[in-house]
Amino acid sequence: MTTNADFWFDPACPFAWITSRWILEVEKVRDVSVTWHIMSLAYLNQDKDIPQEYRDYLKDAWGPVRVLAAAEEKHGKDALLPLYTALGTAKHLEKKSFTRDVIAESLAAAGLEAELIDAVDDSSYDDFIAKSHHLGMDQVGNDVGTPTIAFEGQAFFGPVISKAPKGEEAGELWDGFVLVTKYPYVYELKRARTHELDFS
Numbered sequence: 529m530t531t532n533a534d535f536w537f538d539p540a541c542p543f544a545w546i547t548s549r550w551i552l553e554v555e556k557v558r559d560v561s562v563t564w565h566i567m568s569l570a571y572l573n574q575d576k577d578i579p580q581e582y583r584d585y586l587k588d589a590w591g592p593v594r595v596l597a598a599a600e601e602k603h604g605k606d607a608l609l610p611l612y613t614a615l616g617t618a619k620h621l622e623k624k625s626f627t628r629d630v631i632a633e634s635l636a637a638a639g640l641e642a643e644l645i646d647a648v649d650d651s652s653y654d655d656f657i658a659k660s661h662h663l664g665m666d667q668v669g670n671d672v673g674t675p676t677i678a679f680e681g682q683a684f685f686g687p688v689i690s691k692a693p694k695g696e697e698a699g700e701l702w703d704g705f706v707l708v709t710k711y712p713y714v715y716e717l718k719r720a721r722t723h724e725l726d727f728s
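Going by our numbering, the sequence shown opens with residue 529, and the numbers climb by one from there.
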C-alpha cells in the first residue's frame, strides 16, 4: 500500500533541498508518493525578532515562492517539483542568487511559461502562499520551518540532514523516520551539526 507523504519547502532553504533530494530517493526504493507544497521562510519570520543577517538573506525570498505559487495556480501541484528542482539547482548547486534572470532561467528549465516571472513582485499571491504555508506549519506548531513532512496523520519538522543518502540507505533512513514518528510522544531529536552541507 502506497504511503502518501506531503512535503513543504521553501526553495531558499538548503536543508529542505537536501531532504527533498533524499525523499526523491525514497520514492525509488519504498512505496511512497510525495505531494509537494510551498511554504515561505520570509512569511514565517516576517514578525519575528531575527538577526539582521538572516533578515537580509530573506529579503529576496518572496520572489521565487510567488513564482512557484503562480505555477501551481496555473498548472496544479505537478508543476512544483520541476520548478523547485530548477530553482534549487541554481541556488544550492550553482550558488546563484534568486535574481529575476535566474528565476526566469529556472522557469525555462522547468518548461513553464516565461510570463510567470511577473509573479516575483506580485503580492496578490501572498494569500495563496500563506494558506499553503499554514496547511503544513499548523500541523507541527511553533519554532519550526522547512523541511516539514506529513504522512499518515503525523507531521514533523525534519529530518534535517547534511547529505542525502542514496538507494537503499535512503530507504533505511525513511524506515527509521517512520518508526520513530509512530510513537505519539516523540517531539524532538537533535544533535550538533558537525558536517558541512553536502549537495552531491
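The beta carbon of each residue, even a glycine, is placed where N, CA and C say it ideally should be.
List the residues that DSSP assigns as beta-bridge partners of residue i.
{"i": "I566", "result": "F537"}
{"i": "D726", "result": "K691"}
{"i": "A683", "result": "A678"}
{"i": "S561", "result": "N532"}
Skipping 5 residues on each side, what residues in its chain have a beta carbon closer than 6 Å to that of residue i?
{"i": "P610", "result": "A638"}
{"i": "R549", "result": "A692"}
Rounded C-beta distance between residue i and residue j? I'm assuming under 8 Å.
{"i": "M567", "j": "T709", "result": "About 19 Å separates the two Cβ atoms, so there is no contact after all."}
{"i": "L569", "j": "G673", "result": "6 Å"}
{"i": "S660", "j": "H565", "result": "5 Å"}
{"i": "V557", "j": "E680", "result": "No, V557 and E680 are not in contact; Cβ-Cβ is about 18 Å, not under 8 Å."}
Is the Cβ-Cβ distance between residue i and residue j less than 8 Å?
{"i": "A607", "j": "A597", "result": "no"}
{"i": "V562", "j": "F535", "result": "yes"}
{"i": "V668", "j": "F685", "result": "yes"}
{"i": "V554", "j": "A678", "result": "no"}
{"i": "F543", "j": "P592", "result": "no"}
{"i": "I551", "j": "A533", "result": "yes"}
In its own chain, which residues sit with a C-beta less than 8 Å from the C-beta of residue i, not counting the 5 before and 5 after it?
{"i": "I645", "result": "V595, R628, I631, A632 and L635"}
{"i": "A642", "result": "A632, L635 and A636"}
{"i": "V714", "result": "V708"}
{"i": "A589", "result": "D538, A540, S568, L569, A570 and F626"}
For a test of the three-state rule: what should DSSP assign to residue i, helix, strand or coil?
{"i": "P542", "result": "helix"}
{"i": "S625", "result": "coil"}
{"i": "K710", "result": "coil"}
{"i": "V672", "result": "coil"}
{"i": "Y715", "result": "coil"}
{"i": "R721", "result": "coil"}
Using a Cβ-Cβ cutoff of less than 7 Å, which residues in the same chain neighbour residue i once the five nearest sequence positions on both sides are dropped?
{"i": "F656", "result": "A597 and E601"}
{"i": "Y653", "result": "R594, A597, A598 and A647"}
{"i": "L663", "result": "H565"}
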